[in-house]
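Have a look at the structure below, then the notes.
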Amino acid sequence: MATQLNDISLIINNNPVAYEADSLKWRDGFGEYSCRNAVVGGGQTLKIFSKDLKSKFGMVSFALPSTAESEALKREFKINNDQNTIELIGPEGLNFSKTFTQACLTTDPETSAAVDGQIECEFSTDPAV
Amino acid sequence: MTDTNYILKKPFSYAYKGDMQNAEFITLKEPSYKQIDKVALIKQDFMTAIEHMQSSSLNAIQSIDVQDSLTIIQDDEDPQAESKELSITAKEAMQSLYMSPVKMDAFFVRCQELFRSGVALVDGETKLTMPMIEKMSIDDFELMSGKYIVNFILPSLTDGMEESI
Numbered sequence: 285m286a287t288q289l290n291d292i293s294l295i296i297n298n299n300p301v302a303y304e305a306d307s308l309k310w311r312d313g314f315g316e317y318s319c320r321n322a323v324v325g326g327g328q329t330l331k332i333f334s335k336d337l338k339s340k341f342g343m344v345s346f347a348l349p350s351t352a353e354s355e356a357l358k359r360e361f362k363i364n365n366d367q368n369t370i371e372l373i374g375p376e377g378l379n380f381s382k383t384f385t386q387a388c389l390t391t392d393p394e395t396s397a398a399v400d401g402q403i404e405c406e407f408s409t410d411p412a413v
Numbered sequence: 028m029t030d031t032n033y034i035l036k037k038p039f040s041y042a043y044k045g046d047m048q049n050a051e052f053i054t055l056k057e058p059s060y061k062q063i064d065k066v067a068l069i070k071q072d073f074m075t076a077i078e079h080m081q082s083s084s085l086n087a088i089q090s091i092d093v094q095d096s097l098t099i100i101q102d103d104e105d106p107q108a109e110s111k112e113l114s115i116t117a118k119e120a121m122q123s124l125y126m127s128p129v130k131m132d133a134f135f136v137r138c139q140e141l142f143r144s145g146v147a148l149v150d151g152e153t154k155l156t157m158p159m160i161e162k163m164s165i166d167d168f169e170l171m172s173g174k175y176i177v178n179f180i181l182p183s184l185t186d187g188m189e190e191s192i
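See below:
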């Protein structure tokens, strides 16, 4: 039996962060790969593989509930520029953990002042370790 | 009482300025009134341990004999008095607690709350948080708790006794 990864601890700058259920997403930051064919002639082709290094960065996104604490966190993340560190730690026994360093909140997150209001945060980071 | 450093036996990684780095030591700072609710309980636990040591005549740690400490404090001419009074090590402090009826699980939760309140700084700069504590080895946490008792709780206990004489 396998366990779905939906109970992950989100730790940013050594502090646990409470986020909206099912909102956490991440990209490891392998970058995009591309394959194309070069023409050899006579119907023959040669596959050319390349790594798009400019897309080689990680991403972590999640939504915070719109609270005063979240507002303070959002501000802290933004002020830290690219000096945030994000750790994702799975439930005990799963042996799952990822660390994203040099994380930067690229967007200017919007806060929704609604009953179920959220603050969407998206970080661009170094590739996950 | 001055700040003291606890050198970690097993360094753990923590976030520092956008990167992960290994913690080498933890600076322990003197508690203030802000921490009184946490310090009072730890002090009470340690007093229970001392009392238990005395009553069970297991004086494995003679230097923490309360009566001796009181006598020594009054004897200003004895140059070794103060050092003898404070000669208990972090390990001995923890041993005395373990041998007493103090509930150690609750004791460690109290220590954890105290350290998280701002009296413990990783590498002298970054506030110790729960995720960091969870990365620490048990030995390190125990000895750090013992060191805090020896440096900040024990002297404050004996100071209080001196005044009451």
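Those protein sequences? They're chains D and E, same order as listed.
Sequential numbering of the first sequence, starting at 285, is according to the numbering used here.
Sequential numbering of the second sequence, starting at 28, is according to the numbering used here.
Note that beta-carbon positions come from the ideal geometry of N, C-alpha and C, so glycine has one too.
Item	Value
If distances are taken between C-alpha atoms only, which option among D/Ile363, D/Ser318, D/Ser350 and D/Val323 comes closest to lysine 335 of chain D?	D/Ser318
Can you name the residues of chain D whose CB is closer than 8 Å to the CB of methionine 126 of chain E?	Result: empty, since nearest Cβ-Cβ is about 31 Å, beyond 8 Å.
Spell out the partners DSSP gives cysteine 138 of chain E in its beta bridges.	DSSP lists no partner for cysteine 138 of chain E.
So phenylalanine 384 of chain D packs on valine 344 of chain D, CB below 8 Å; how close in whole Å?	6 Å
Flag isoleucine 292 of chain D as yes if its beta-carbon sits less than 8 Å from any beta-carbon of chain B, otherwise no.	Looking at the structure shown, chain B is missing, and the protein chains on hand are D and E.
Please name the residue or residues paired with serine 318 of chain D in a DSSP beta bridge.	D/Ser334
8 Å is my cut-off, CB to CB: does aspartate 312 of chain D come that close to chain E?	no
If distances are taken between C-alpha atoms only, which option among E/Ser123, E/Tyr175, E/Met163 and E/Ala117 comes closest to asparagine 49 of chain E?	E/Met163
To the nearest whole angstrom, what separates the beta carbons of lysine 61 of chain E and glutamate 140 of chain E, a pair I think is in contact under 8 Å?	Rounded, the Cβ-Cβ distance is 12 Å, inconsistent with contact.
Which residue's Cα is closest to the Cα of threonine 391 of chain D: D/Ala398, D/Phe361 and D/Val324?	D/Phe361
Run down chain D in chain order and give the residues with a C-beta less than 9 Å from the C-beta of proline 158 of chain E.	Ser293, Ile295, Asn298, Asn299, Pro300, Glu371 and Ile373
Report yes if the C-beta distance between leucine 348 of chain D and glutamine 402 of chain D is below 8 Å; otherwise report no.	yes
If leucine 35 of chain E and valine 146 of chain E are in contact, beta carbons under 8 Å, what's the gap, nearest whole angstrom?	At roughly 16 Å, the Cβ-Cβ gap does not stay under 8 Å, so leucine 35 of chain E and valine 146 of chain E are not in contact.
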